[in-house]
Amino acid sequence: MSKHDTDTSDQHAAKRRWLNAHEEGYHKAMGNRQVQMIAIGGAIGTGLFLGAGARLQMAGPALALVYLICGLFSFFILRALGELVLHRPSSGSFVSYAREFLGEKAAYVAGWMYFINWAMTGIVDITAVALYMHYWGAFGDVPQWVFALAALTIVGTMNMIGVKWFAEMEFWFALIKVLAIVIFLVVGTVFLGSGQPLDGNTTGFHLITDNGGFFPHGLLPALVLIQGVVFAFASIELVGTAAGECKDPQTMVPKAINSVIWRIGLFYVGSVVLLVLLLPWNAYQAGQSPFVTFFSKLGVPYIGSIMNIVVLTAALSSLNSGLYCTGRILRSMAMGGSAPSFMAKMSRQHVPYAGILATLVVYVVGVFLNYLVPSRVFEIVLNFASLGIIASWAFIIVCQMRLRKAIKEGKAADVSFKLPGAPFTSWLTLLFFTECPCADGVRLPERDLYYRGAADYRYSAGYRLVWCAQTRC
1 MSKHDTDTSD QHAAKRRWLN AHEEGYHKAM GNRQVQMIAI GGAIGTGLFL GAGARLQMAG
61 PALALVYLIC GLFSFFILRA LGELVLHRPS SGSFVSYARE FLGEKAAYVA GWMYFINWAM
121 TGIVDITAVA LYMHYWGAFG DVPQWVFALA ALTIVGTMNM IGVKWFAEME FWFALIKVLA
181 IVIFLVVGTV FLGSGQPLDG NTTGFHLITD NGGFFPHGLL PALVLIQGVV FAFASIELVG
241 TAAGECKDPQ TMVPKAINSV IWRIGLFYVG SVVLLVLLLP WNAYQAGQSP FVTFFSKLGV
301 PYIGSIMNIV VLTAALSSLN SGLYCTGRIL RSMAMGGSAP SFMAKMSRQH VPYAGILATL
361 VVYVVGVFLN YLVPSRVFEI VLNFASLGII ASWAFIIVCQ MRLRKAIKEG KAADVSFKLP
421 GAPFTSWLTL LFFTECPCAD GVRLPERDLY YRGAADYRYS AGYRLVWCAQ TRC
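473 is the number that UniProt numbering gives the last residue of the sequence shown; the numbers go up by one with no jumps.
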């Protein structure tokens, strides 16, 4: 081996030791059941429980196909992330991988875009909690900001106590969401098999053919839905952050990731198919959960309150995940010099408390917004809530491609868990998420011109930042 090769090898080893030093101080406390639920919980949110009604109105049964396609590409993202995790588990997740393979500038861009996304999402979540609480008349006179502050206090306290508390809380949040869907699938399947009519309609496949077929409005509305459905899977990448605090990430993470694809198929695709076989697709309305529509037709009492508990849980789960994730991401950035150094501080409970407190400060702004302009909070922050998601996923794919290159050049050890079909699937996934904003702009209600245009600008800007980070760092 030449002196140059020896020096290069020493440099790689030194960089690896420096990156591994960023993981010191964390408590490896997450078990298999918690990681499994975090993985699937990240893929199930209010987009399924509430958003499916409006999407069925727009695309009809074709929504099942849209969920399937978007779920497949989300799975590719997870497999790419899993490949990186087995290379080197890190609580800094794709920010740490961007630092390793693309440089500190890329880590800076990836980290701050992701933080902004979760910061805005957190404000949306605490606002959603307050709105869901107002569903019950008994709480109608309680100011919106009180519920927002209460949600923030509870979730913030749990995150500060220790990672085990976060993981346990997220486990139960995810379990409630999963149980809600499983109950619907079981009841719906039994009812479908019984052959009994529902709301004056005989159940079965004829409900699709008799109401315009699989694409009742044509192909275009299904294409338009792709962007919104993609963001229903936002936070699936959380499992990458959790890997840094797993007891055995080399075993747990691949198992959790592989379970996501069939659960997406069952919960999303299976639910939509079952819904359109039980009732005509146009029986489901925007603004009402399709699950509430079905159970109300069966005459199930208190179904509205039950589903409100489920969506309340989904909002708290998202808030919990965002606070956990941003604390770790900010610490990783601080360790590399891309964030203020005080954010690298850890508590005696092995929690990056400084990063969590910084995020809580932003969330407190959301509490004030709920006090000052309770009716306009969503309008103010919702259009920024998705900032960084597409770019973050792009960073994951680009880092996975760089890892493959490093392995090929002998600069990194090979891994046993890989993205199937790469590099073809890597480029295809990048292309798919690049085109999502374009699909959304095909057909546009006039009142949404500003918001969709702003969204398209943000996503395309995010990709330009990823490209610049890849080529210049």
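Ideal placement from N, C-alpha and C gives every residue a C-beta, glycine not left out.
Out of 292, 320, 299 and 321, point me to the one whose CA is closest to residue 308's CA. Position 308 of the sequence shown, counted from the first residue, corresponds to residue 308. Residue 292 is the option with its Cα nearest to residue 308.
Hey, how far is the Cα of residue 319 from the Cα of residue 245? Taking the first residue of the sequence shown as 1, we reach residue 319 at position 319. Taking the first residue of the sequence shown as 1, we reach residue 245 at position 245. If I take the Cα positions, the gap works out to 19 Å.
DSSP state of residue 266, grouped into three classes? Reading the sequence shown from its first residue, position 266 is the one you call residue 266. In this structure, residue 266 counts as helix in the three-state DSSP scheme.
Rounded to the nearest angstrom, how far is the Cβ of residue 277 from that of residue 202, given a contact under 8 Å? Sequence index remark: in the sequence shown, residue 277 carries index 277 (1-based). Sequence index remark: in the sequence shown, residue 202 carries index 202 (1-based). About 11 Å; that fails the 8 Å criterion.
Does the stretch 40-58 touch the stretch 352-372, meaning 3 or more C-beta pairs lie closer than 8 Å? no
Per DSSP, which one or two residues make a beta bridge with residue 198? Numbered from 1 along the sequence shown, position 198 holds the residue referred to as residue 198. Answer is 201.
Please state whether DSSP places residue 307 in a helix, a strand or coil. Position 307 of the sequence shown, counted from the start, is the residue given in the question as residue 307. If DSSP states are grouped into helix, strand and coil, residue 307 belongs with the helices.
What does the Cβ neighbour count give for residue 196, buried or exposed, with the cut at 16 atoms within 10 Å? If you number the sequence shown from 1, residue 196 lands on position 196. Exposed, because fewer than 16 other Cβ atoms sit within 10 Å of the Cβ of residue 196.
With respect to the alpha helix (DSSP H) encompassing residue 87, which residues constitute its N-terminal and C-terminal limits? As a working mapping, residue 87 is identified with position 87 in the sequence shown. Element bounds for residue 87: 63-87.
To the nearest angstrom, how far is it from the Cα of residue 99 to the Cα of residue 398? Taking the sequence shown and counting its residues from 1, one reaches residue 99 at position 99. Taking the sequence shown and counting its residues from 1, one reaches residue 398 at position 398. Answer to the nearest angstrom: the Cα atoms are 12 Å apart.
Just how far apart, CA to CA, sit residue 53 and residue 290? Position 53 of the sequence shown, counting from 1, holds the residue named residue 53. Position 290 of the sequence shown, counting from 1, holds the residue named residue 290. Roughly 5 Å separates the two Cα atoms.
Would you list the residues sitting across from residue 246 in a DSSP beta bridge? As a position in the sequence shown, residue 246 is number 246, starting the count at 1. The partner list for residue 246 (beta bridge, DSSP) reads 30.
If I measure Cβ to Cβ from residue 418 and keep anything under 8 Å in the same chain, skipping five residues before and after, which residues do I get? Along the sequence shown, read from residue 1 onward, the residue named residue 418 stands at position 418. Excluding positions up to five away in sequence, the list reads 79 and 83.
What's the gap between the Cα of residue 135 and the Cα of residue 222? For the purposes of this step, residue 135 is identified with residue 135 of the sequence shown, where counting begins at 1. For the purposes of this step, residue 222 is identified with residue 222 of the sequence shown, where counting begins at 1. C-alpha separation (whole angstroms): 31 Å.
Note down, one range per segment and in chain order, each alpha helix (DSSP H) of at least 4 residues found wholly within the stretch 142-216. 144-161, 163-194 and 206-209
CB of residue 129 within 8 Å of CB of residue 148, strictly: Numbered from 1 along the sequence shown, position 129 holds the residue referred to as residue 129. Numbered from 1 along the sequence shown, position 148 holds the residue referred to as residue 148. Yes, the pair counts as a contact, with Cβ atoms nearer than the cut-off.
Whole alpha helix (DSSP H) runs in the stretch 269-298 with 4 or more residues, listed along the chain? Given a length threshold of 4 residues, each whole run of the alpha helix (DSSP H) inside the stretch 269-298 is given here in chain order: 271-278 and 290-297.
Own chain partners of residue 184 with C-beta closer than 6 Å, once the 5 adjacent residues on each side are dropped: As a first step, residue 184 must be located in the sequence shown, where it is residue number 184. Excluding positions up to five away in sequence, the list reads 291.
Can you look up residue 339 in the DSSP assignment and give me helix, strand or coil? Within the sequence shown, numbered from 1, the residue matching residue 339 stands at position 339. Coil at residue 339, not helix or strand.
What are the complete alpha helix (DSSP H) segments, minimum 4 residues, inside the stretch 313-375? 353-372
Just to confirm the assignment, what range does the alpha helix (DSSP H) spanning residue 408 have? In the sequence shown, the residue the question calls residue 408 occupies position 408. Per DSSP, residue 408 belongs to the alpha helix (DSSP H) from 389-408.
Residue 254: which of 416, 26 and 25 sits nearest, CA to CA? To locate residue 254, count along the sequence shown from 1; it is residue 254. Checking every option, the nearest Cα to that of residue 254 belongs to 416.
Could you tell me which of 87, 161, 172 and 430 sits nearest to residue 251, measuring between CA atoms? To locate residue 251, count along the sequence shown from 1; it is residue 251. Here the closest residue by C-alpha is 87.
State the CB to CB distance for the pair residue 403 and residue 413, rounded to an integer number of angstroms; the pair is presumed to be in contact (CB under 8 Å). Taking the first residue of the sequence shown as position 1, residue 403 is located at position 403. Taking the first residue of the sequence shown as position 1, residue 413 is located at position 413. Between residue 413 and residue 403 the Cβ distance is about 10 Å, and since that is not below 8 Å, they are no contact.
Give the range of the alpha helix (DSSP H) segment to which residue 417 is assigned. On the sequence shown, position 417 is the one that residue 417 refers to. Neither: residue 417 is in no alpha helix (DSSP H) and is coded neither H nor E.
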